[in-house]
Every structure is written in C-alpha cells, then in structure tokens.
Amino acid sequence: DMREDDKQVIDFSQWRTFFEDVKAAKGAFVSVFSSNPVVMMNRSATREQFVNCWSKIVKQRTGLVNRLLAARNVFNLVQNIAKSVFWILMTFVIATNFGFDIAQVVTAASAFVISFAFATSKSLSRIVESVMFVFASHPYQVNDIVKIGGRWWIIESIGILETKVRDPSNLVTRFSNQLLADMEISNVVYSRQAISIMIITISVDTTVDKIEQLRSALLRYTLMNSNNWKSGRVTMFQNGITESNNIELEIRVESHIEWMERAAFRAADFALKTYFREQLALLGMQWQNPIQRVQLINGSIPAGTMAQASDISTSTTFTKSKEI
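Start counting the sequence shown at 1; every next residue gets the next number (UniProt numbering).
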C-alpha cells in the first residue's frame, strides 16, 4: 500500500505488520530481498527495489516451471522408448509361445528396421542431435533472453525438432534445433551482473591528474548511487596510442543489476554516461590534433613525456561507449 503521498520506502517495521509473528516476517523478508544486498543491509526497500526483487522471484518461478516441463518431456520420451522396447520383447515372447520360428521373425524385423533407418536417416539424425542439444546441454529455457545471430530473442517454446523465439516486436520465428546447435548463443540468464564500458579517445597531452580526477568523480557517483553500482568498482585501462597523437582510454564500472534486467540497466547506464559526459566537459578532457605529431622511438624515455605543440589546429571532442 505505497501511495504517492506516502514515503517511497518500506522498512522492516512496516513489513512486520503484514505477518502474524516476527519469525514469519523475517523469513518472508529474506526470501523476497535476499537478491539485493543493499536492501538486506539497510533493512528497507524502495519502490524500485521492491519491484525488481519481486520480478526476480517471478522469473525464478517461471524458470523452475520451465525446467519441470522440460524434465516431463524427457520423461515422456524415455517412457515411449521403454514402451516400444517392451512391446518388441512381448512380440518375441508371443511368437515363441505360438511356435513361430524366431530366426525368421528376427530376420524380418531386421530388414524392416534397416529399411526404415535408410528411409528416415536424415530425420533420425535431426531428432537425435536435437534431443542431445536441447535436453542434454540445456542452452536455454522458455522465457530466457538469448542472442542468436546478432539479434535478441525471447524463447517462446522448445520442441523436439524446433524452437520458437519472439523478438521485441512480438514476431515469432522458428529455428531448427539442428541449426541452433551449430550457432553461437548468448543467454543472459546464465550471465552475472552487467558492466558498463565507456571508451574515449583523449589527447596524449592529457595530464595524469585529470585522469585521476575523472576516476574520483566516477567513484563518488558509485557511492552516491550504490543501489545500482558497486561502490568503488571503477577501473581504467590505457589501450595505448591509437594513432600518433591520441590515447584510447577504457573505463569499466560494475553494477548490481543482473544482465536479464535490461531495462533497469539501460536506465542506470544512461544516467551514468550523462554524468560521465558532464565530468568530461568540466575537466576539459578532449581529443586534440597538434601540428607536431608524436614520434615513437625505440628505447626508454622519461615517464610522463608529453607531445609538444606550438599551435592547435582543431579542438573537437569525441566519445564513444558500449555496454556488455
């Protein structure tokens, strides 16, 4: 009962009022919010945290149901095979009791099996490969978010020979399981927390102090937004001089958001990169094109050597970012 005029936080004292005793309240609180360490530490949850934790519970329940359905499909397949073997054995027993020559029955059955195998060899190969791919390796389950062929899909249904997937526009597409067995599939359900990666190109004249100031600003941002980002988990890499006058700087910020929560991560990532661009503007970090280019020489040179330029012909800012 979190109305707009109420405070947007529910703490354990409010949570306790919905249960008969403290023990039941504690058990339910841990069951719902155990996936969010921030809520467990503060013993209170915001509206967004409550919705995210509840969504995870629903997804876990859906995943469990899908796994039970897959197990039932395997059980039905094994049961049908066992029934077939049973009736074949019963046929031999009945034939023996009525005095039929078993050798002739075996010869006729063998001829039938061989002809059937030749006629349906391709189909049998597809069935065996599909069963091994879907039920042995478990690459995905229903409602999993996967990346196939460079596009994102949601698994709609899984069959013996084919898998139906749904794209963001709700268009359902059929894929052969034999084809999927040879394709690269990325399943975000099996992935951990998402990481935001920002890559910028800066001038070689950029001082170390400015880079450290940028890193400190990002550290402060993660501390102020610890619900989405891991405090202090900011790393920077210099990928070397990409041309003759600039350096590629890679910044990685780790989040608490699971890969499957793509909408939540996009919102948090957009806010982070907006703040990042503001800090770049405040620090004046930009890509510059000096007249005198840097010359790379063999041997050791003094640390911190910067490019010398008597004139700056252009001064433009370039930033690019990507996420994983």
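For glycine and all other residues, C-beta sits at the position ideal for the given N, C-alpha and C.
Where residue i falls: helix, strand or coil (DSSP)
i           : result
residue 102 : helix
residue 258 : strand
residue 141 : coil
residue 132 : helix
residue 183 : coil
residue 174 : strand
residue 327 : Limits of the chain in this structure are 1 at one end and 324 at the other, which puts residue 327 out of reach.
residue 226 : coil
residue 161 : coil
residue 209 : helix
residue 204 : coil
residue 197 : strand
residue 266 : helix
residue 236 : strand
residue 303 : Confidence at residue 303 is low in this model, with a pLDDT of 38, below 50, so the placement of that residue should be treated as unreliable; the coordinate-derived value is given next. It is coil, neither helix nor strand.
residue 231 : strand
Residues near residue i by beta carbon distance below 7 Å, same chain, minus five either side
i           : result
residue 279 : 214 and 217
residue 160 : 127, 130 and 131
residue 181 : 129 and 133
residue 11  : 43 and 44
residue 231 : 222 and 223
residue 264 : 52 and 257
Buried or exposed (CB count within 10 angstroms, at least 16 for buried), residue i
i           : result
residue 109 : exposed
residue 235 : exposed
residue 112 : exposed
residue 80  : exposed
Proximal residues to residue i (C-beta, below 6 Å), its chain only, five neighbours per side dropped
i           : result
residue 164 : 156, 157, 172 and 174
residue 29  : 15
Same chain only: Cβ atoms within 8 Å of residue i, ignoring 5 sequence neighbours per side
i          : result
residue 55 : 261
At least three beta-carbon pairs within less than 8 Å, the segment 190-203 to the segment 246-254: yes
Three or more C-beta pairs below 8 Å linking the segment 139-149 and the segment 183-192: yes
Sequence ranges, beta strand (DSSP E) only - wholly within the segment 30-84, length at least 3: 44-46
Touching by the beta-carbon criterion (3+ pairs, under 8 Å), the segment 215-234 and the segment 265-277: In short, these stretches touch, since the Cβ pair count reaches three.
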